[in-house]
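Below is one structure, written out as structure tokens; comments come after it.
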Amino acid sequence: MIREEQQRMNPKRIKFGDYGLVITFIIICIFISIMTPRFLLPQNIRNIMIQISINALIATGMSFVILTGGIDIGVGSVAALAGIVVTAICKGFPEASIFFYIIIGLLVSLVVGLLCGGFNALVITKFNVHPFIATLGMLSIARGFAFVYTGSKPIFGLPDSFGWIGQGYIGPIPVLVLIMIIVLSLAHIFLNKTVLGRYVYAVGSNEEVAELNGINVAKIKFLVYILSGILSSLAGVCLASRLISGQPAAATGYELNAIAAVVMGGISMTGGKGKIWNTIMGLLTIGVINNGMSLMRVSSYWQTIVMGFIIVAAVCIDQYKVKKA
Amino acid sequence: MTDNVLVEIDNVSKSFPGVKALDSVSLNIFSGEVHVLIGENGAGKSTLIKILTGVYQKDSGKVRFKDKEVNFQTPRQAMQEGISVIHQELSLIPDLTVADNIFLGREKAKGQFLEKAFMQNKTKEILDSLELNIDPNIKVENLNTAQRQMVEIARSVSWGSSLVIMDEPTSSLSEKEVKSLFNIILKLKKENVGIVYISHRLKEIPEIGDRVTILRDGKIVKTLLEKESNEKKLISLMVGREIKDYYHFKKKDKKEEKVKVLEINNLTHEPYFRSLSFFLNQGEILGIAGLMGAGRTELLRAIFGVDLFHKGEIFLQNNKVKFNHPDKAIKNKIGFITEDRREQGLLLDKSVIENISLPVIKFKANRGFIDKNWEKQVSQQFKKKLQIKTPSIYSDVKNLSGGNQQKVIIARWLAAESDILLLDEPTRGIDVNAKAEIYALMNDFVNNGGSILMVSSELPEILGVAHRIIVMRKGELSGTLTREEATEEKVMHLAALK
Numbered sequence: 001m002i003r004e005e006q007q008r009m010n011p012k013r014i015k016f017g018d019y020g021l022v023i024t025f026i027i028i029c030i031f032i033s034i035m036t037p038r039f040l041l042p043q044n045i046r047n048i049m050i051q052i053s054i055n056a057l058i059a060t061g062m063s064f065v066i067l068t069g070g071i072d073i074g075v076g077s078v079a080a081l082a083g084i085v086v087t088a089i090c091k092g093f094p095e096a097s098i099f100f101y102i103i104i105g106l107l108v109s110l111v112v113g114l115l116c117g118g119f120n121a122l123v124i125t126k127f128n129v130h131p132f133i134a135t136l137g138m139l140s141i142a143r144g145f146a147f148v149y150t151g152s153k154p155i156f157g158l159p160d161s162f163g164w165i166g167q168g169y170i171g172p173i174p175v176l177v178l179i180m181i182i183v184l185s186l187a188h189i190f191l192n193k194t195v196l197g198r199y200v201y202a203v204g205s206n207e208e209v210a211e212l213n214g215i216n217v218a219k220i221k222f223l224v225y226i227l228s229g230i231l232s233s234l235a236g237v238c239l240a241s242r243l244i245s246g247q248p249a250a251a252t253g254y255e256l257n258a259i260a261a262v263v264m265g266g267i268s269m270t271g272g273k274g275k276i277w278n279t280i281m282g283l284l285t286i287g288v289i290n291n292g293m294s295l296m297r298v299s300s301y302w303q304t305i306v307m308g309f310i311i312v313a314a315v316c317i318d319q320y321k322v323k324k325a
Numbered sequence: 326m327t328d329n330v331l332v333e334i335d336n337v338s339k340s341f342p343g344v345k346a347l348d349s350v351s352l353n354i355f356s357g358e359v360h361v362l363i364g365e366n367g368a369g370k371s372t373l374i375k376i377l378t379g380v381y382q383k384d385s386g387k388v389r390f391k392d393k394e395v396n397f398q399t400p401r402q403a404m405q406e407g408i409s410v411i412h413q414e415l416s417l418i419p420d421l422t423v424a425d426n427i428f429l430g431r432e433k434a435k436g437q438f439l440e441k442a443f444m445q446n447k448t449k450e451i452l453d454s455l456e457l458n459i460d461p462n463i464k465v466e467n468l469n470t471a472q473r474q475m476v477e478i479a480r481s482v483s484w485g486s487s488l489v490i491m492d493e494p495t496s497s498l499s500e501k502e503v504k505s506l507f508n509i510i511l512k513l514k515k516e517n518v519g520i521v522y523i524s525h526r527l528k529e530i531p532e533i534g535d536r537v538t539i540l541r542d543g544k545i546v547k548t549l550l551e552k553e554s555n556e557k558k559l560i561s562l563m564v565g566r567e568i569k570d571y572y573h574f575k576k577k578d579k580k581e582e583k584v585k586v587l588e589i590n591n592l593t594h595e596p597y598f599r600s601l602s603f604f605l606n607q608g609e610i611l612g613i614a615g616l617m618g619a620g621r622t623e624l625l626r627a628i629f630g631v632d633l634f635h636k637g638e639i640f641l642q643n644n645k646v647k648f649n650h651p652d653k654a655i656k657n658k659i660g661f662i663t664e665d666r667r668e669q670g671l672l673l674d675k676s677v678i679e680n681i682s683l684p685v686i687k688f689k690a691n692r693g694f695i696d697k698n699w700e701k702q703v704s705q706q707f708k709k710k711l712q713i714k715t716p717s718i719y720s721d722v723k724n725l726s727g728g729n730q731q732k733v734i735i736a737r738w739l740a741a742e743s744d745i746l747l748l749d750e751p752t753r754g755i756d757v758n759a760k761a762e763i764y765a766l767m768n769d770f771v772n773n774g775g776s777i778l779m780v781s782s783e784l785p786e787i788l789g790v791a792h793r794i795i796v797m798r799k800g801e802l803s804g805t806l807t808r809e810e811a812t813e814e815k816v817m818h819l820a821a822l823k
């Protein structure tokens with residue numbers, strides 16, 4: 001048996017899974033660029049980056065949660081709630097500077113994220129509720145608050161400077177893209193270099209083993225759900241800034257895009273396996289597919305159908321890998 | 326034993342890319358015999374079993390079963406023809422009843438409706454025929470390991486199997502439960518069922534085996550009649566050399582002053598154990614003997630802060646402590662090696678290095694950042710010192726053999742600079758060679774000032790390794806024995822009867 005094991009351990013064997021998505025991504029890019037030459041224009045590539053940036057923030061939080069073996073489907077609603085809160089506050093300060101709006105935006109992200117994520121984690125750890133159900137509750141609760149507060153009417157009348165986060169540029173780089181790069185980099189450092197990041201993997205790999213090795217599993221779960229809440233809220237703030245308004249129906253269905261990016265990138269739904277690199281590849285692939293479909297004038301309803309199939313296919317591949325391992 | 330050949334394995338070979346797992350193996354198994362297969366991990370036992378049961382297909386050679394050449398493609402096929410396997414990891418569904426499990430996959434039904442009454446009665450019949458006192462309607466989750474194993478055996482009987490393969494059936498049973506397993510095996514023998522029995526416990530062989538076949542490196546070394554075999558001979562045939570001083574026991578210097586490092590006073594955690602008082606000296610291996618369900622694992626869990634306890638006190642170096650989380654125990658230099666390595670010990674899909682550093686990375690961290698140099702250096706050091714066989718410290722532990730996995734866990738607590746180790750069945754499912762290495766490590770550890778509290782259900786192990794033995798029975802302390810006065814009979818007496 002040891003011999004068979006040594007075969008499996010042979011480090012030289014290249015697994016298709018490691019590069020499969022990169023290859024798929026390149027093939028998709030080649031295909032789309034043949035179909036529509038506009039695809040490779042710098043302007044379009046910048047558009048793609050802006051389009052994926054808000055999803056990237058949510059997907060980063062989702063990656064943490066999924067790495068612990070959980071799921072957070074309330075992210076879209078939390079984003080909408082944060083968007084309402086930030087626009088409601090900033091509307092009261094129409095003469096304020098960009099800097100002020102940024103500070104308010106960050107504070108709102110922290111507070112809304114902490115409350116929503118903390119509530120999720122409390123329900124999950126103290127009452128042993130499955131994360132899917134707990135965050136399904138949050139999906140309804142946060143969205144409900146957004147509608148109740150606004151009376152289901154959008155919040156308009158914000159100054160143009162409020163839109164700097166969502167529409168502005170620093171040099172040639174869109175602010176949103178910059179935020180995405182910072183968040184992804186921090187996430188990479190967190191997962192690879194810090195003790196808490198290591199614990200995230202340990203909890204996802206085997207909770208009982210983690211606990212027996214002195215890891216406070218409940219604490220790690222609080223951490224990931226709060227991080228997911230904060231990043232979703234930040235995404236909501238960015239979206240509100242981009243629209244220069246607070247829309248209670250904003251970010252509907254964003255949980256789908258985030259989960260799709262994470263799973264398609266190859267982070268295992270069973271937890272414990274995957275890197276931020278996977279999420280980035282998932283984001284890029286989905287961004288390119290969506291962009292390509294728009295360029296080819298595929299209706300947005302059809303795009304939703306395609307996205308659904310992509311998620312199911314990605315989970316099937318994940319299950320196949322789990323079974324083989 | 327009747328001399329009719331049930332299975333004839335003729336020159337069977339099986340290769341995996343680059344490795345010959347079985348090399349022209351020929352072996353006969355008779356009806357009504359218990360044929361023991363022994364060999365180190367990797368000797369080819371599992372491959373042979375998997376070929377017999379249709380999990381793998383052989384490359385060359387022939388297998389004849391009941392005088393018919395067979396070539397099973399799936400385990401189900403083999404089962405239908407009358408070959409069944411009782412696995413190490415039991416394969417029953419806990420949520421279903423005993424009867425449901427026995428009829429799983431071939432339920433008796435009228436149309437779409439199950440004939441529950443029929444299946445229950447039939448199950449009762451089978452259980453009665455094996456003299457098993459188990460209710461067919463009880464859910465399997467309410468049964469203990471031994472009872473579950475009996476249910477598995479009943480299932481294979483219900484399939485009318487004429488060859489039953491048992492893969493380390495006793496590895497999680499207490500001595501008493503082993504006795505009742507052996508009774509059932511004797512019954513099966515009487516009904517002319519052939520039994521292939523894989524075990525690492527050499528002591529059992531004279532009691533149950535008719536013939537013994539030793540495998541090494543994919544080849545058959547020898548097939549012996551039981552009466553020709555003895556433990557020493559078998560070990561040397563298995564490993565190809567003699568192992569001297571298996572338990573590596575070193576007597577303590579009498580003059581050495583005894584320091585109590587751990588003292589337990591009146592510890593109670595209902596319903597598992599109550600009013601336990603004992604102590605552990607520095608440099609000592611204290612064995613805890615007892616039957617399954619005596620509360621030994623729960624005791625270790627309470628000391629380590631996994632479970633809380635109701636009453637009593639724990640003193641560490643004369644300081645009263647109460648750990649509400651394993652974290653606190655680890656901080657106080659206690660390590661815990663659980664009995665279930667795969668479910669409670671290791672992060673299977675993580676690397677050797679991550680498994681070794683797990684409990685202490687936070688103490689070695691720099692402002693929350695992992696000290697990767699320390700991590701790498703300490704893993705390399707213990708990989709070398711413990712001779713962990715792995716291609717690299719970055720390989721996943723799931724690909725290591727049982728013995729090497731256990732060494733990874735030991736390395737973890739050595740890297741954590743533990744003073745006290747709590748060991749729960751430290752050598753379960755590990756081959757002889759690795760066992761000897763682990764005993765050597767344990768002795769090393771106590772000779773360097775460490776102390777060990779070891780739960781073990783293997784009497785020879787506990788008698789061979791421990792300086793002192795305490796015996797638990799149904800959650801209570803039933804006696805303490807010194808190494809000199811302890812015998813298997815005395816320990817069993819304290820554990821079972823009283």
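Here the protein sequences come in this chain order: A and B. So that you can map any letter, position 52 of the first sequence is 52 in this note's numbering, and since no number is skipped, the others follow by simple counting. The number in this note's numbering is simply the position in the second sequence, starting from 1, with 325 added. C-beta atoms are modelled at their ideal positions from N, C-alpha and C, and glycine is treated no differently.
Whole-Å CB distance - residue i paired with residue j, under 8 angstroms assumed
i                      : j                      : result
residue 573 of chain B : residue 632 of chain B : So it is not a contact: roughly 32 angstroms between Cβ atoms.
residue 465 of chain B : residue 421 of chain B : 6 angstroms
residue 776 of chain B : residue 624 of chain B : So it is not a contact: roughly 16 angstroms between Cβ atoms.
residue 546 of chain B : residue 562 of chain B : 5 angstroms
residue 722 of chain B : residue 778 of chain B : Between residue 778 of chain B and residue 722 of chain B the Cβ distance is about 25 angstroms, and since that is not below 8 angstroms, they are no contact.
residue 267 of chain A : residue 274 of chain A : 3 angstroms
Coil, strand or helix - residue i by DSSP
i                      : result
residue 721 of chain B : strand
residue 726 of chain B : coil
residue 695 of chain B : coil
residue 689 of chain B : helix
residue 613 of chain B : strand
residue 330 of chain B : strand
residue 364 of chain B : coil
residue 38 of chain A  : helix
residue 311 of chain A : helix
residue 390 of chain B : strand
residue 380 of chain B : coil
residue 282 of chain A : helix
Contact check, residue i vs residue j, beta carbons under 8 angstroms
i                      : j                      : result
residue 347 of chain B : residue 356 of chain B : no
residue 332 of chain B : residue 354 of chain B : yes
residue 604 of chain B : residue 747 of chain B : no
residue 468 of chain B : residue 521 of chain B : no
residue 362 of chain B : residue 538 of chain B : yes
residue 608 of chain B : residue 781 of chain B : no
residue 787 of chain B : residue 806 of chain B : no
residue 524 of chain B : residue 493 of chain B : yes
residue 677 of chain B : residue 720 of chain B : yes
residue 377 of chain B : residue 359 of chain B : no
Candidates the options, of which the one nearest residue i by Cα
i                      : options                       : result
residue 770 of chain B : B:711, B:797, B:534 and B:550 : B:711
residue 244 of chain A : A:313, A:156, A:168 and A:213 : A:156
residue 142 of chain A : A:73, A:260, A:298 and A:87   : A:73
residue 320 of chain A : A:269, A:296, A:284 and A:19  : A:269
residue 496 of chain B : B:329, B:756 and B:382        : B:756
residue 258 of chain A : A:47, A:59, A:38 and A:34     : A:59
residue 762 of chain B : B:750, B:728 and B:799        : B:728
residue 70 of chain A  : A:32, A:189 and A:62          : A:62
residue 364 of chain B : B:542, B:804 and B:615        : B:542
residue 236 of chain A : A:79, A:213 and A:288         : A:79
residue 174 of chain A : A:108, A:303 and A:47         : A:47
DSSP beta-bridge partners of residue i
i                      : result
residue 435 of chain B : B:438
residue 590 of chain B : B:638
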